[in-house]
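In our numbering, the protein residues as written are 451 to 572.
What follows is the structure, encoded as structure tokens:
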């Protein structure tokens, strides 16, 4: 099995960032009604930096693994940098090629993170 596929499967079975934070700065829920994926992201932001993040959700392996891998990557980064993330960043983090339908699954967590950041009063 390809190493990236193994990582995605492991993150689905053993996510590092799954759960709800007791205290958070901002949260948001997004969903993809076409496939049923649903992700809620909780962020703690301090001085323009993401200190910690968690997610809850249901969906396919790609959407939930993508959420866990993305949150792992954005913790400690400035929100301005995270807002510049796009499809290419997510695909690079996942390390696999995806078809159009699966791409939507992979990008749902990024949509949630961007919408959560945009809710902040900066």
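A virtual CB, placed ideally from N, CA and C, is assigned to each residue, including glycine.
8 angstroms Cβ shell around residue i - same chain, five flanking residues per side excluded
i           : result
residue 501 : 494, 495, 525 and 526
residue 556 : 512, 513, 516, 540, 541, 544 and 548
residue 411 : Nothing can be reported for residue 411: it is not among the residues displayed for the chain, which extend from 451 to 572.
8 angstroms Cβ cutoff met for residue i and residue j
i           : j           : result
residue 489 : residue 505 : yes
residue 573 : residue 461 : Only positions 451 to 572 of the chain appear in the structure, and residue 573 is not among them; the question remains open.
residue 565 : residue 478 : yes
residue 520 : residue 465 : no
residue 487 : residue 509 : yes
residue 475 : residue 533 : no
residue 463 : residue 546 : no
residue 497 : residue 554 : no
residue 467 : residue 518 : yes
Where residue i sits in the DSSP three-state scheme
i           : result
residue 477 : strand
residue 493 : strand
residue 516 : helix
residue 523 : helix
residue 487 : strand
residue 546 : coil
residue 506 : strand
residue 501 : strand
residue 539 : helix
residue 482 : strand
Sequence-distant residues of its chain with Cβ nearer than 6 angstroms to residue i (five each side left out)
i           : result
residue 499 : 528
residue 471 : 492 and 504
Beta-carbon contacts of residue i that lie in its chain and below 7 angstroms, excluding the five residues immediately before and after
i           : result
residue 523 : 543
residue 480 : 489, 558, 561, 562 and 565
residue 536 : none
residue 567 : 529, 532 and 533
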